[in-house]
Amino acid sequence: MRFNPRRLFGKIPRKYWFFSIFLLGILAVYLFNYGLHATSTNSFCESCHVHPHSTTTWRQGAHYNTESGVIINCVDCHLPPEGVTYVTEKARTGIRDIYGKVFKDVSKINWERRSKRNFAVHYVYKASCVNCHQNLFPAGLNKDGEDAHLYYEQKPDELRCINCHLETGHYHEEPPESIGFGAQKPEEPTEIYTESTPVDSFADYTEQIPGSSVSFDMVAIPGDTFTLGSPQEEGYRDSDEGPQRQMKVSNFWIGKTEVTWDEYEAFYAQTSGEGRSEDQFASVAASAAIPDDIESITGP
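To convert, note that position 77 of the sequence shown is 93 in the working numbering; the numbers rise steadily by one, no gaps.
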């Protein structure tokens, strides 16, 4: 249908149309901003939250009772800091909360499972964390925190703030799962090893890192021969996958599990003074698990 300004403004003289449209535009912007602010308050968020302890744990958490007295609000963490995404994510989050309040049985939701990191990443925005915590090395930051943030700066696309700070927004009675430097750890044993485990036979054993309380299991792998390369008739074979040759590997040990953060931190503490880079640390650690006497039986 064709728009007729006279139907909207009646008998307003033509010279006042622009002024009237301008006033309506200002009113629309005001109402939009008012609605955006009114629906971003903590009390409004609480009206639709179906989590039974969200408000209580937030008030007990580090973001409410801060040293500076500044209260971090719901939208400061659970929405992007600004821009179009703030509005779109606000709409998506609001629809989700309203749907949960109206159609879901709160008593049947596994809240403990939903407080884990794999769920939290969908409701906490890294950009919002960085928007407030712009200085990652503030005065008073301890050594673990410095190492953690240095590691974070090397892998900003892979790591999230909640890898180490999952408990910051909402208080947890039990330490939450954590990944990376600065993670909450169980109480460490008091014994500090003075030497490595003596090895006098080829068998599984538990290694000890001198100068630390860290130990880990090593598994004995018997040596054997194997064929290196692919046969020419193998499908989708590339030219650099041959020629085939027989290789012999002597007995060696390998860690039973992947290197833990405790092991890596002990290794880092004892080698970081030698001027090695992060990549060199990884190379040295990896080479310890590779036998150095692999030899070719046939072929070059």
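Using N, Cα and C, we set each Cβ at its ideal position, and we do this for glycine too.
In this structure, the alpha-carbon of K142 lies about 8 Å from that of I178.
The beta carbon of Q260 is closer than 6 Å to those of T243 and G245 in its chain, skipping five residues each way along the sequence. For the 8 Å CB-CB criterion, D216 and A236 do not form a contact. Using a 10 angstroms sphere on the CB of H186, the tally of other CB atoms reaches 16 or more, which defines it as buried. Excluding five sequence positions before and after T213, the CB atoms of its chain that fall closer than 7 Å to its own CB belong to Y221, T222, E223 and Q224, given in chain order. Taking the Cα positions, Y115 is about 12 Å away from V122.
Here P247 has R253, G258 and Q260 as same chain residues with Cβ atoms under 8 Å from its own Cβ, once five neighbours each way along the sequence are excluded. Residue state for D240 is assigned as strand, using DSSP reduced to three classes. Approximately 4 Å separates the beta-carbon atoms of W269 and M234; this is inside 8 Å, confirming the contact.
Its Cα nearest to that of P238, the residue S266 stands out among P226, S266 and S228.
DSSP places V215 outside both helix and strand once states are collapsed to three, so it counts as coil. Taking a cut-off of 8 Å on C-beta distances, the stretch 149-161 does not touch the stretch 96-115, as fewer than three cross pairs fall below it. Annotation for Y80: no beta strand (DSSP E) segment contains it, and DSSP assigns it neither H nor E. Here DSSP, grouped into helix, strand and coil, assigns D254 to coil.
Counting the other Cβ atoms within 10 Å of the Cβ of S144 gives 16 or more, which makes it buried.
Per the coordinates, the alpha-carbon of T210 lies some 35 Å from the alpha-carbon of E183. Following the DSSP letters along the chain, one finds E274 in no beta strand (DSSP E), marked with neither H nor E. The C-beta separation of H94 from T82 comes to about 18 Å, leaving the pair out of contact by the 8 Å criterion. With 16 or more other CB atoms across the displayed protein chains lying within 10 angstroms of its CB, V91 is buried. Counting the other CB atoms within 10 Å of its CB gives R129 a total below 16, which places it among the exposed residues.
Judged by DSSP in its simplified three-state form, K264 adopts strand.
For F153, the secondary structure class from DSSP, reduced to helix, strand or coil, is coil. Between T73 and T57, the alpha-carbon positions lie close to 17 Å from each other. In the DSSP annotation of this structure, the continuous segment of the alpha helix (DSSP H) that includes T101 starts and ends at V100 to F119. Annotated three-state conformation of V137 is coil, per DSSP. Per the coordinates, the alpha-carbon of W127 lies some 31 Å from the alpha-carbon of G99. Residue burial is scored here from C-beta neighbours: H181 has at least 16 other C-beta atoms within 10 angstroms and is therefore classed as buried. In this structure Q150 does not touch G227 by the C-beta definition: roughly 37 Å separates them, more than the 8 Å allowed.
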